[in-house]
Amino acid sequence: MTVMRDTSTATSASVMSSGPAGLLLGRGQGGPVTVRLFRPEPTRAFLSAPEWVKWLIAFRAVCLGGHVSVIAGDHRPWLGLADTIRACGGTIDLLRSADELPGQGRVYRPSLIIDEQGAVTPQMRLGAWQALVTASNPAAEASVSDMRNSDMSIIVPAEGRTSENLRRAYALSPAQMKQATNLGDSDVVCASVRRLVKVSMPPSPTEYRVLFGR
């Protein structure tokens with residue numbers, strides 16, 4: 020599977036191609052960057068980013084028809100998003116373990132799991148049309164293995180030990196790693212094996228009003 024197509028020198032969109040249901044992540048040097056989270060096979064992603072990035076990924080998944088399951092020890096940071104998703108007609112479960120996760124998604128009802136607890140291990144099987152986003156510490160030594168077990172990683176900031184682990188996990192070149200420096204307030208790094216793109220990921224005016232304009 021080709022996980023990312025970097026089109027920084029082309030006019031077409033940059034694509035993290037891991038399925039037919041594309042989630043717009045933001046804009047790269049070559050145009051829109053689309054993450055295809057949902058496909059007949061499961062997708063795993065590693066995430067280390069501020070709360071607003073997690074909210075945007077979850078909300079955009081709901082806009083694709085997805086059901087969101089969040090595994091977190093503290094549900095309070097997620098309550099506002101949960102209220103908004105439900106008010107918009109979407110569905111979200113706030114969980115404390117993996118016991119009540121959906122077994123799989125469906126083509127028009129994919130399943131997104133955001134795991135802040137490490138409850139879903141690499142050995143646990145995921146279902147069709149299901150994506151797991153594991154939020155973890157990219158500076159930890161174990162993160163190299165976690166990234167390698169993921170189809171892609173979305174990270175900000177990417178500096179120090181985090182940068183080194185990202186390079187080791189995906190065999191990235193110094194020139195590629197240079198793109199991960201000097202990130203703006205709304206930038207994230209999206210990486211997979213031998214691929215890296217800097218993505219500007221600000222909320223749209225509507226997203227800002229609905230999610231953050233309180």
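Numbering follows my numbering, with no gaps: position 7 of the sequence shown is 26. Here a beta-carbon is modelled for each residue, glycine too, at the ideal position from N, C-alpha and C.
Cβ contact check for the region 72-85 and the region 97-115: 3 or more pairs under 8 Å: yes
Run of the beta strand (DSSP E) containing Asp-134, from where it starts to where it stops: Position 115 of the sequence shown holds residue 134. Asp-134 -> beta strand (DSSP E) spans 130-134.
With 16 other Cβ atoms within 10 Å as the buried cut-off, status of Met-35: Residue mapping note: residue 35 aligns to position 16 of the sequence shown, counting from 1. Any answer about Met-35 is weak, because its pLDDT of 40 lies below 50 and its placement is not dependable; what the coordinates show is given next. So Met-35 counts as buried.
Closest by C-alpha distance to Ser-155, when choosing among Leu-43, Val-175, Leu-131 and Gly-49: Position 136 of the sequence shown holds residue 155. Among Leu-43, Val-175, Leu-131 and Gly-49, the Cα nearest to that of Ser-155 belongs to Val-175.
Sub-9 Å separation of Ile-104 and Asp-134 beta-carbons: Against the sequence shown, residue 104 aligns to sequence position 85. Against the sequence shown, residue 134 aligns to sequence position 115. Their beta carbons are not under 9 Å apart, which means Ile-104 does not touch Asp-134 by this criterion.
Local conformation of Asp-112 per DSSP, three classes: As a working mapping, residue 112 is identified with position 93 in the sequence shown. Asp-112: strand per DSSP, three-state reduction.
Pairwise C-alpha distance: Thr-140 and Ile-116: Locating residue 116 in the sequence shown gives position 97, where the first residue counts as 1. Locating residue 140 in the sequence shown gives position 121, where the first residue counts as 1. According to the sequence provided, residue 116 is Ser. The question's Ile does not apply to it. Taking the straight line from one Cα to the other gives about 12 Å.
Whole-angstrom distance between Glu-178 and Arg-128, CA atom to CA atom: Your numbering for residue 128 matches position 109 in the sequence shown. Your numbering for residue 178 matches position 159 in the sequence shown. Roughly 37 Å separates the two Cα atoms.
Limits of the unbroken beta strand (DSSP E) element including Val-87: The residue you call residue 87 lines up with position 68 of the sequence shown. 86-90 is the span of the beta strand (DSSP E), which, as asked, contains Val-87.
At least three beta-carbon pairs within less than 8 Å, the region 55-62 to the region 144-161: yes
Given Ala-64 as reference, the closest of Pro-121, Val-163, Gly-49 and Leu-113 once Cα atoms are compared: Counted from its first residue, the sequence shown places residue 64 at position 45. For the residues Pro-121, Val-163, Gly-49 and Leu-113, the minimum Cα distance to Ala-64 belongs to Val-163.
Alpha carbon of Leu-42 to alpha carbon of Leu-83, nearest angstrom: Looking up residue 42 in the sequence shown gives position 23. Looking up residue 83 in the sequence shown gives position 64. Leu-42 and Leu-83: Cα-Cα distance of roughly 8 Å.
Classification of Ala-40 by the beta-carbon crowding that lies within 10 angstroms, buried from 16 upward: Within the sequence shown, numbered from 1, the residue matching residue 40 stands at position 21. At Ala-40 the pLDDT is 46, less than 50, meaning the model places this residue with poor confidence; the figure from the coordinates comes in the next sentence. It counts as buried.
Residue span of the beta strand (DSSP E) that contains Gly-137, given as start and end: Here residue 137 refers to the residue found at position 118 of the sequence shown. Neither: Gly-137 is in no beta strand (DSSP E) and is coded neither H nor E.
Contained beta strand (DSSP E) runs [length at least 3] in the region 130-198, N- to C-terminal order: 130-134, 149-154 and 171-174
Distance between Asn-201 and Val-244 (C-alpha atoms, nearest Å): For residue 244 there is no data in the structure shown, the boundaries of the chain being 20 and 233.
Ala-40 - DSSP class collapsed to helix/strand/coil: Here residue 40 refers to the residue found at position 21 when the sequence shown is read from its first residue. A caution first: Ala-40 carries a pLDDT of 46, below 50, which makes its placement in the model unreliable, though a value can still be read off. It is a strand residue.
Closest by C-alpha distance to Gly-45, when choosing among Lys-197, Tyr-227 and Val-218: Looking up residue 45 in the sequence shown gives position 26. The residue with the shortest Cα to Cα distance from Gly-45 is Val-218.
Bridge partner(s) assigned by DSSP for Gly-45: Working through the sequence shown from its first residue, we reach residue 45 at position 26. BP columns for Gly-45 point to Val-52.
DSSP-derived helix/strand/coil call for Thr-200: In the sequence shown, the residue the question calls residue 200 occupies position 181. The answer is coil: DSSP assigns Thr-200 none of H, G, I, E or B.
Close beta carbons around Arg-186, own chain, < 7 Å, minus the five adjacent residues each side: Working through the sequence shown from its first residue, we reach residue 186 at position 167. Hits under 7 Å: Met-196.
Cβ-based burial, Gln-198 [other Cβ within 10 Å; buried from 16]: Here residue 198 refers to the residue found at position 179 of the sequence shown. Buried, since its Cβ has 16 or more Cβ neighbours within 10 Å.
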